[in-house]
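Worksheet: one structure, shown below.
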Amino acid sequence: MYRLLLISLAMCSFSINACLQTNSKTKASMSSPSNTPWFVDEKGDTIRSINKSEAEWKESLDQMAYYVLREQGTERAYTGKYHDNHKHGMYYCAGCGLPLFSSETKFESGTGWPSFYAPIDKTHVQEFTDNTAGMSRTEVTCHRCGGHLGHVFDDGPRPTGLRYCMNSVSLAFEEK
Ligand SMILES: [Zn+2]
76 MYRLLLISLA MCSFSINACL QTNSKTKASM SSPSNTPWFV DEKGDTIRSI
126 NKSEAEWKES LDQMAYYVLR EQGTERAYTG KYHDNHKHGM YYCAGCGLPL
176 FSSETKFESG TGWPSFYAPI DKTHVQEFTD NTAGMSRTEV TCHRCGGHLG
226 HVFDDGPRPT GLRYCMNSVS LAFEEK
């Protein structure tokens, strides 16, 4: 009887340990959301994350795109290809092709960077606090590949009042 009790105690502590390990894993992946293996978007589609090594990104992106998407760089104002683009269509992530912004929400911000008041799907982008460069800003990244897109500010037009200030080089436009 005593032996049985010991065995069941041992099994119990094993399952508790297993449970704790699972929990700590879940917490770790939640603290860096871009590393979650998938997410469900507003349409209900499951989007699988893309996790490439930095060497693979270097191979698939040109120098400027790598600098902005993977190293949180910023292109100089008025130098990108989309700040003055007035065509109708969709802007995709230049890193992974996820649809991010529609021309319907693009507006003239006068900043020299393509600006939108809303993403095509709120779950397709992620936002993080960015305290670099002596400022407190909100960084916007692609939810599927973690690529840096730009920043979002709260001085945009109606209906959202938001200004998604994006780097052209982080986007790939396809005309409708
Ligand atoms: Zn992406």
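Remember, our numbering sits 75 above the position in the sequence shown when you count from 1. Even glycine gets a Cβ: it sits at the ideal position worked out from N, Cα and C. Just so you know, these numbers come straight off a predicted model, no measurement behind them.
Relative to ligand 1, even the nearest heavy atom lies 7 angstroms or more away from the CB of Arg151. At least one heavy atom of ligand 1 falls within 7 angstroms of the beta-carbon of Arg219. Beta-bridge pairing by DSSP links Pro174 to Tyr167. Counting C-beta pairs closer than 8 angstroms gives three or more between the region 225-244 and the region 141-158, which meets the contact rule. Within the same chain, and ignoring the five residues on either side of Asp230 in sequence, the residues whose Cβ sits closer than 6 angstroms to its Cβ are Arg238. For ligand 1, a non-hydrogen atom lies closer than 7 angstroms to the CB of Leu173. If you check the C-beta of Cys168 against ligand 1, you find a heavy atom less than 7 angstroms away. In the DSSP assignment, Ala140 falls within the unbroken alpha helix (DSSP H) covering 138-146.
Its Cα nearest to that of Gly170, the residue Leu136 stands out among Leu136, Thr121, Thr213. Secondary structure of Gly231 (DSSP, three-state): coil. When Glu131, Trp113, Asp205 are compared, the shortest CA-CA separation from Gly225 is found for Asp205.
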